[in-house]
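Student: Per UniProt numbering, the very first residue in the sequence shown carries number 1; after that it's consecutive.
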Amino acid sequence: MSWTAYRDIKVERDSDDEFDLEPVGFCPNTTNSTAAMDAAQLQAIIAGAVNQALTEQENRLKRDFQAQLDEVKQQMQHLRVEAPQVETYQKITAGPEVRCDIKLDIVKTMPEFSGEQDDYVSWRQSAVDAYEIFKRYNGSEAHYQAVSIIRNKIRGPARGLLVAHNTVLNFDAIIARLDCTYADKTSLRVLRQGLDTVRQGELSLMQYYDDVEKRLTLITNKIVMTHEPDSAILFNNEVREDALHAFIAGLRKPLRAIVLPAQPKDLPSALALARESEATIERTNFAATYAKALEDKAITYEHRKDRNHSREPRGRYSRAEDSQGKNPHFYKKQGRQNNSAQSNNNYRNQSPEPMELGSTVTQHR
Numbered sequence: 001m002s003w004t005a006y007r008d009i010k011v012e013r014d015s016d017d018e019f020d021l022e023p024v025g026f027c028p029n030t031t032n033s034t035a036a037m038d039a040a041q042l043q044a045i046i047a048g049a050v051n052q053a054l055t056e057q058e059n060r061l062k063r064d065f066q067a068q069l070d071e072v073k074q075q076m077q078h079l080r081v082e083a084p085q086v087e088t089y090q091k092i093t094a095g096p097e098v099r100c101d102i103k104l105d106i107v108k109t110m111p112e113f114s115g116e117q118d119d120y121v122s123w124r125q126s127a128v129d130a131y132e133i134f135k136r137y138n139g140s141e142a143h144y145q146a147v148s149i150i151r152n153k154i155r156g157p158a159r160g161l162l163v164a165h166n167t168v169l170n171f172d173a174i175i176a177r178l179d180c181t182y183a184d185k186t187s188l189r190v191l192r193q194g195l196d197t198v199r200q201g202e203l204s205l206m207q208y209y210d211d212v213e214k215r216l217t218l219i220t221n222k223i224v225m226t227h228e229p230d231s232a233i234l235f236n237n238e239v240r241e242d243a244l245h246a247f248i249a250g251l252r253k254p255l256r257a258i259v260l261p262a263q264p265k266d267l268p269s270a271l272a273l274a275r276e277s278e279a280t281i282e283r284t285n286f287a288a289t290y291a292k293a294l295e296d297k298a299i300t301y302e303h304r305k306d307r308n309h310s311r312e313p314r315g316r317y318s319r320a321e322d323s324q325g326k327n328p329h330f331y332k333k334q335g336r337q338n339n340s341a342q343s344n345n346n347y348r349n350q351s352p353e354p355m356e357l358g359s360t361v362t363q364h365r
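The structure is reproduced here in structure tokens:
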């Protein structure tokens, strides 16, 4: 064994012996000053840990936000803004290829339209109904003549409008141009909101009903002009139900209390029931007022009677006795009657006196 190896074994053995002699829990390098940590150092450690956690959370939120922003940018890049499509109408033509034997009487009997906005909806509906039977014969002479007659039914400012915009001879083009000028520009949503907010207030029943009918007409006209016939029928039925509910809800409270439980089926039925209820309420109020007036009159009469009775004299004779025996008018009237009777008797008992005749009568005798 070399000296170096012996020295290493000796040192290791000595160190193990010294460790075995030390008591359990003994730490030679630990002192009391290092065991108690300073409060400032503890706060610094806590602050550092909090700052580190906040920094990590902030970085994580930034990464998530950036990822979402990149995703939105990618979606926006795939979007394409489409320009509104403008429909171009072509002038209709007539040829021998398509035959139509339908008579033009229905088109000839159409009313004229001179540019009055109140008449446009009804005229438009008449034009659509008349054109419907010629629509499938596009290219025929009858179709061409029908559209020409419909255009000639337009007069006055409306005719000038078509000329100013160079509207081609096409039914859809004519209707589209007239709609831009004479159709109601109010949206359907706003019109329906106006129907829901209608109230009777100080209006009479008929004025209130006319107001509801007017609002309903605006809505139905808007639906007819903006929807296909099949869907327009469904929408109009729905709107009429809404108008019925709005009419009942807007009535005055006494009328609403009678009409609402009856559940009328349509607006005319609701109007008839409301008018009958209004007449019943008026009769009831009149009867109550008349009975109150009679009662007040009776009370007033009794009050006056009691007041007059309290004013009678309380002397020797009562008022009735005074009226019979002490009334000077009574005696005066009786005295007049006695004097007239006595004068009549004296006149009867008085003997007649001879009349003196003149000289003329004496000579005649």
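Note that CB positions come from ideal geometry on N, CA and C, so glycine has one too.
Here's the rule I'm using: 16 or more other beta-carbon atoms within 10 Å means buried, otherwise exposed. How should residue 290 be labelled?
Tutor: Result: exposed.
Student: Quick check on the burial criterion: 16 or more other C-beta atoms within 10 angstroms. Buried or exposed for residue 47?
Tutor: Result: exposed.
Student: Apart from the five residues on each side of it in sequence, which residues of its chain come closer than 8 Å, Cβ to Cβ, to residue 377?
Tutor: Residue 377 lies beyond the range of the chain shown here (1 to 365); nothing can be said about it.
Student: By how many angstroms is the C-alpha of residue 213 removed from the C-alpha of residue 278?
Tutor: Spanning the two alpha carbons is a distance of roughly 20 Å.
Student: Rounded to whole angstroms, what is the Cα-Cα separation between residue 201 and residue 257?
Tutor: Spanning the two alpha carbons is a distance of roughly 16 Å.
Student: Could you pull out every unbroken beta strand (DSSP E) segment of at least 3 residues lying fully inside the segment 216-249, listed in chain order?
Tutor: The qualifying runs do not exist here; there are none.
Student: Leaving aside the five residues before and after residue 119 along the sequence, list all residues of the same chain whose C-beta is less than 7 Å from its C-beta, in chain order.
Tutor: Cβ within range, chain order: 113.
Student: For residue 242, which residues of its own chain have a beta-carbon under 6 Å away from its beta-carbon, when the five flanking residues on both sides are left out?
Tutor: Excluding positions up to five away in sequence, the list is empty.
Student: Under the three-state reduction of DSSP, which class applies to residue 258: helix, strand or coil?
Tutor: Residue 258 falls in the helix class under three-state DSSP.
Student: Going by C-alpha to C-alpha distance, which of 187, 216, 252 and 228 sits closest to residue 203?
Tutor: Residue 252 is the option with its Cα nearest to residue 203.
Student: Would you say the segment 101-108 touches the segment 144-151, given that touching needs at least three Cβ pairs under 8 Å?
Tutor: Yes, since at least three Cβ pairs between the segment 101-108 and the segment 144-151 fall closer than 8 Å, the two stretches touch.
Student: According to DSSP, is residue 286 part of a helix, a strand, or is it coil?
Tutor: If DSSP states are grouped into helix, strand and coil, residue 286 belongs with the helices.
Student: Is residue 34 helix, strand or coil by DSSP?
Tutor: Only weak support is given to the placement of residue 34: the predicted model assigns it a pLDDT of 48, under 50, and the value that follows is read from those uncertain coordinates. Helix.
Student: Could you check what DSSP says for residue 102 in three-state terms: helix, strand or coil?
Tutor: Coil, per DSSP.
Student: Is the segment 183-191 in contact with the segment 147-166, if contact means three or more CB pairs nearer than 8 Å?
Tutor: No: fewer than three Cβ pairs fall under 8 Å.
Student: Just to check my reading of the structure: residue 195 and residue 219 have Cβ atoms closer than 8 Å, yes? What is that Cβ distance to the nearest angstrom?
Tutor: Yes, they are in contact, since the Cβ atoms of residue 195 and residue 219 sit about 6 Å apart, within 8 Å.
Student: Apart from the five residues on each side of it in sequence, which residues of its chain come closer than 8 Å, Cβ to Cβ, to residue 30?
Tutor: No answer about residue 30 holds up, because its pLDDT of 47 lies below 50 and its placement is not dependable.
Student: Excluding the 5 residues preceding and the 5 following residue 89 in the sequence, name in chain order all residues of the same chain whose CB lies nearer than 7 Å to its CB.
Tutor: Counting only Cβ-Cβ distances below 7 Å, and skipping sequence neighbours, we find 168, 170, 172 and 173.
Student: Is the beta carbon of residue 274 closer than 9 Å to that of residue 255?
Tutor: In contact: residue 255 and residue 274 (Cβ atoms closer than 9 Å).
Student: Can you tell me whether DSSP reads residue 92 as helix, strand or coil?
Tutor: Here residue 92 sits in coil by DSSP.
Student: For the alpha helix (DSSP H) containing residue 110, name the first residue and the last one.
Tutor: First-last for residue 110: undefined, no H or E at that position.
Student: What is the C-beta distance between residue 175 and residue 124, in whole angstroms, given that I count them as a contact (C-beta under 8 Å)?
Tutor: At roughly 7 Å, the Cβ-Cβ gap stays under 8 Å, so residue 175 and residue 124 are in contact.
Student: Near residue 264, what residues of its chain come up, given a Cβ to Cβ distance below 6 Å and the 5 sequence neighbours on each side ignored?
Tutor: Within the same chain, residue 264 has close Cβ partners 270 and 273.
Student: Are the Cβ atoms of residue 149 and residue 206 separated by less than 9 Å?
Tutor: No, the Cβ-Cβ distance between residue 149 and residue 206 is not below 9 Å.
Student: Assuming residue 267 contacts residue 247 under a Cβ cut-off of 8 Å, what Cβ separation, rounded to an integer in Å, is found between them?
Tutor: Sure, about 6 Å apart at Cβ, within 8 Å.
Student: Taking only three categories from DSSP, how would you classify residue 154?
Tutor: Three-state result, residue 154: strand.
Student: Closest by CA to residue 280, which one among 298, 259 and 130?
Tutor: It is 259.
Student: If I measure Cβ to Cβ from residue 65 and keep anything under 8 Å in the same chain, skipping five residues before and after, which residues do I get?
Tutor: For residue 65, where only same-chain residues beyond five positions count, there are no Cβ hits under 8 Å.
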